[in-house]
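The sequence shown begins at 31 in the working numbering and counts up one residue at a time.
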Amino acid sequence: MAGRIVLFGATGYTGRLTAEALVARGQRPLLAGRSGDRLAALAAELGGGLDTAVADVAQPQSVFELVDGGDVMLTTVGPFARWGDVAADAALAAGAHYLDSTGEPPFIRRVFEHFGPRARQAGIGMVTAFGYDWVPGNLAAGLALRDAGEEAVRVDVGYFVTGEAGMGSFSGGTKASVAGVMAAPAFAYRDGALRTVRTADRLRNFTLRGRELPAVTVGSSEHFGLPQAAPALRDVNVYLGWFGPFSRPLQAFSLLGAGAMKVPGASGLTARLAERLVKGSTGGPGPEQRARAGSHIVAEAYDRHGEQLSTVQLGGVEPYTFTAGILAWGARRAAEAGMLESGALGPLAAFGLDELEAGCREAGLTRV
């Protein structure tokens with residue numbers, strides 16, 4: 031018997047899109063969030079008959095009561111560095127599989143290092159960052175590594191948006207998460223080990239459709255998930271190309287910010303300032319704007335001499351449509367068949383390369 035899917039944060043921007051994607055795929059999730067009225071309205075919009083539950087991270091017991099053993103906790107409640115622990119703890123306590131929509135490096139690291147050992151003991155799978163951040167790069171890199179063969183020891187991944195996509199079209203939750211990322215240390219997988227680094231410590235160009243596009247490094251789930259799936263890897267580099275010509279100024283800002291963060295109390299002050307200036311859950315692009323945007327992801331595999339062995343490119347729908355679709359696919363897959371392993375897992379370890387490729391295709395991204 032398939033477990034129940036609990037969608038926590040259902041009335042937020044990403045949560046609402048995910049609820050729509052789940053229902054479109056024949057699922058009947060439990061819709062959970064802070065406002066009973068908004069939950070009831072959403073359930074009615076989705077055709078009625080969906081169960082709802084009021085739960086708030088400020089009252090952890092209400093979140094713990096959402097899930098039972100065998101369920102899937104699917105949470106979109108962010109910023110995750112501030113609010114994410116409660117849903118993760120609830121899944122662990124219940125023995126429920128766990129998926130989230132975060133893109134925040136500090137929380138990704140926390141899931142793998144703090145929650146992962148507990149998840150392994152509980153026999154559940156926890157897959158963090160199971161949206162546009164950072165599923166496509168895990169898939170593209172997995173395909174590139176398979177094409178490259180056993181000589182591959184390094185993979186570079188680049189994320190780009192196309193059409194009318196940019197920071198101005200991102201949701202309030204995404205902007206809040208990006209602001210938090212800029213104020214926090216990042217990480218990288220270099221020389222066979224995870225290392226703490228500053229965000230945007232490296233910049234490189236990727237060639238896409240005949241154009242050279244700059245991108246800066248960022249911490250992501252690929253740094254955990256790819257070595258998990260391909261132990262021979264020595265270096266995993268993930269680049270974000272959302273910023274276009276502002277990539278180099280952003281790198282300079284990151285360097286200055288890293289120096290400023292050494293001043294006692296500066297990190298807390300920066301985080302509080304970002305929180306005040308950039309609010310979460312303030313909506314995002316509408317259907318027409320999303321239809322005019324798209325995504326492009328590239329992965330390149332290299333041997334130990336720096337020779338490129340393979341390249342894979344994925345293209346398709348914009349980040350929010352993809353995130354909703356892949357979350358719906360992953361939750362349904364976990365509810366019906368579980369995950370391949372237990373513990374904190376990258377997408378490849380959780381579902382396998384071929385299954386993940388099928389899921390991304392269903393969500394709107396394909397190899398190009």
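For each residue, glycine too, the CB sits at the ideal point set by N, CA and C.
What residues match up with Pro-135 in a beta bridge as DSSP calls it?
Looking at the DSSP assignment, Pro-135 forms no beta bridge with any residue, so it has no partner.
Coil, strand or helix - His-127 by DSSP:
strand
Rounded to the nearest angstrom, what separates Ala-374 and Ile-154 at their Cα positions?
9 angstroms
Buried or exposed for Val-398, going by 16 or more other Cβ atoms inside 10 Å?
exposed
Taking all protein chains shown into account, decide if Phe-276 is buried (16 or more other Cβ within 10 angstroms of its Cβ) or exposed.
exposed
Quick one: what's Ala-216 bridged to in DSSP?
Val-227
Length at least 4, wholly inside the stretch 81-122: the alpha helix (DSSP H) runs in chain order:
90-94, 110-113
When you compare only the Cα positions, how much space is there between Val-227 and Glu-242?
25 angstroms
For the alpha helix (DSSP H) that contains Ile-154, what are its first and last residues?
It is not in any alpha helix (DSSP H) - Ile-154 carries neither H nor E in the DSSP assignment.
Is there contact here, the stretch 229-249 with the stretch 113-123, by at least three beta-carbon pairs under 8 angstroms?
no
In the DSSP assignment, the beta strand (DSSP E) including Arg-362 goes from what residue to what residue?
Taken as a continuous stretch (DSSP letters only), Arg-362 belongs to no beta strand (DSSP E), being part of the alpha helix (DSSP H) at 349-367.
Excluding sequence positions up to five away, which residues of its chain have a Cβ less than 7 angstroms from the Cβ of Gly-167?
Val-187, Tyr-189, Ser-250, Glu-252, Val-268, Ile-327, Ala-329
Rounded straight-line distance, which links the Cα of Gly-79 to that of Leu-61:
11 angstroms
Where does Gly-172 land, buried or exposed, given buried means 16+ other C-beta within 10 angstroms?
buried
First and last residue of the uninterrupted beta strand (DSSP E) at His-253
Per DSSP, His-253 belongs to no beta strand (DSSP E); it is in the alpha helix (DSSP H), 252-259.
What does DSSP give as the partner residue(s) for Trp-164 in the beta ladder?
Gly-161
State the start and end residues of the unbroken alpha helix (DSSP H) segment that holds Thr-221.
According to the sequence provided, residue 221 is Asp. The question's Thr does not apply to it. Looking at the DSSP string, Asp-221 is not in any alpha helix (DSSP H), and its letter there is neither H nor E.
So, for Tyr-350: in the same chain, excluding its five sequence neighbours on each side, which residues have a beta-carbon less than 8 angstroms away from its beta-carbon?
Tyr-43, Thr-44, Leu-47, Tyr-162, Ser-201, Gly-314, Pro-315, Arg-320
Rounding to the nearest angstrom, what Cα-Cα distance links Ala-245 and Ser-284 in this structure?
14 angstroms
Closest Cα partner of Pro-257 within the set Val-183, Phe-217, Phe-273, Thr-247
Val-183
Local Cβ density within 10 Å of Leu-378, reported as buried at 16 or more and exposed below that
buried
Just confirm the distance between the C-beta atoms of Leu-270 and Val-347, as a whole number of angstroms; I'd bet it's less than 8 angstroms.
In fact, because the Cβ distance is near 18 angstroms, the residues do not count as touching under 8 angstroms.
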